[in-house]
Amino acid sequence: DTLKAELLAVALEAADRAGALLRDGRPADLGVAATKTSSIDVVTEMDIAAEKLITGFLAERRPEDGLLGEEGASSEGTSGVRWVIDPIDGTVNYLYGLPSWAVSIAAELDGEAVVGVVAAPMRGETYRAVLGEGAYEGDRRLSVRPAPGLDQALIGTGFGYLTARRAAQAEVLRSLLPQVRDIRRGGSAAIDLCDVACGRLDGYYERGLNPWDYAAGALIAREAGALTGGRPGEPVSPELTVAAPPVLFETLQGRLEELGAWQG
Ligand code: IPD
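When we follow our numbering, the leftmost residue of the sequence shown carries the number 482, and every step to the right adds one.
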């Protein structure tokens, strides 16, 4: 419908502008603006500048909408639409000059994600989805790969910034690693979810994501044919995020439940 089309156009333009700022403006000696939960969680000046660019653009184009951003943007709005923004998902990759980082922007309507855009400038790819209308990268319609059994599956995951949580995540991985084809830790949850959508990963899970990490990517994965969830019967949440094609989803989710992947 026209609202979703408008939200998609706005999200694509905001992500494109922020992506260009981040790609072209990345200083060689990247400045550090602040630290959050630990010294690894470096919030760069560019992160803050990109969020400001996005929220400024949204305020111009959609002044009645609410906002939730990783760098602190938060407002209720009056339109029923809320934007969920991660200006740089994959901050550590960005800091080190590794290419897997993305601008992630989702629009929720009455609490449900209806539009998702993940722009990955160093890949030259922008993934997008509209609820009920499929997921695309450019002209290409995205579709999950026909999943193998878990023992042949390439599974993406990620780790939080807290030491205690990382220890628990390492324990889960210790059990899971010998049971799968291999593990990837790409460093951007948004891109990992898009990689499930593209068939570049068979599945993905992570404990402890924030809504801005998964809002856009989870919609893109679902619109490409993946199932997403948390613990069995639960939707995706900060507790646990799981995404995989239907034939693999329950097996992966069940194994993660056995391993207590929501703990820590
Ligand atoms: C992080 C990335 C990473 C994931 C972390 C996230 P950020 O987001 O998505 O892949 O493992 O849990 O916090 O901090 O780069 O926006």
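Built from N, CA and C at the ideal position, the CB exists for glycine as well.
Not one heavy atom of ligand 1 is found less than 7 angstroms from the C-beta of T559. Just measuring C-alpha positions, the residue of A678, G680 and L674 sitting nearest Y686 is L674. One thing to note: G605 has its Cβ no nearer than 8 angstroms to the Cβ of I672.
Spatial neighbours of W693 in its own chain (CB-CB distance under 7 angstroms, excluding positions within 5 residues in sequence) are listed in chain order as L549, G550, E551, V565, I566, D567 and S585. It is roughly 42 angstroms from the alpha-carbon of S555 to the alpha-carbon of P659. In this structure, the C-beta of V598 stays at least 7 angstroms away from each heavy atom of ligand 1. According to the DSSP assignment, T638 belongs to no alpha helix (DSSP H) but to the beta strand (DSSP E) extending over L635 to T638. Those residues placing their Cβ nearer than 7 angstroms to any heavy atom of ligand 1 are, following chain order, D522, E551, D567, I569, D570, G571, T572, V573, G639, F640, G641, Y642, G667, G668, S669, A670, A671, D673, E687, G689, L690, N691 and D694.
Three or more beta-carbon pairs separated by less than 8 angstroms are not found between the region 599 to 617 and the region 641 to 657, which leaves the two stretches without contact. Residues D570, G571, N574, S581, W582 and A583 of the same chain have their beta carbon placed closer than 7 angstroms to that of S669, with the five preceding and five following residues left out of the count.
Approximately 4 angstroms separates the beta-carbon atoms of A628 and L729; this is inside 8 angstroms, confirming the contact. Annotation: A594 is outside any alpha helix (DSSP H); the continuous beta strand (DSSP E) that includes it extends over E593 to A601.
In terms of Cβ geometry, L484 and A594 do not form a close pair [threshold 8 angstroms]. V723 has Y686 and G710 as its beta-bridge partners, per DSSP. G605 sits in coil when the DSSP states are folded into three classes, being neither helix nor strand.
One thing to note: G637 has its Cβ within 8 angstroms of the Cβ of G667. Here the alpha carbon of P726 sits roughly 28 angstroms from the alpha carbon of L579. Here the C-alpha atom of L612 lies approximately 7 angstroms from the C-alpha atom of E704. DSSP places P692 inside the alpha helix (DSSP H), whose first and last residues are P692 to E704.
Beyond the five residues adjoining it in sequence on each side, E557 comes within less than 7 angstroms, by CB distance, of G547 in the same chain, given in chain order. V661 sits in coil when the DSSP states are folded into three classes, being neither helix nor strand.
Within the model, the alpha-carbon separation for E715 versus A495 is close to 31 angstroms. Inter-residue distance for L733 and E541 is about 43 angstroms (C-alpha atoms, whole angstroms). Here the alpha carbon of T644 sits roughly 17 angstroms from the alpha carbon of L721.
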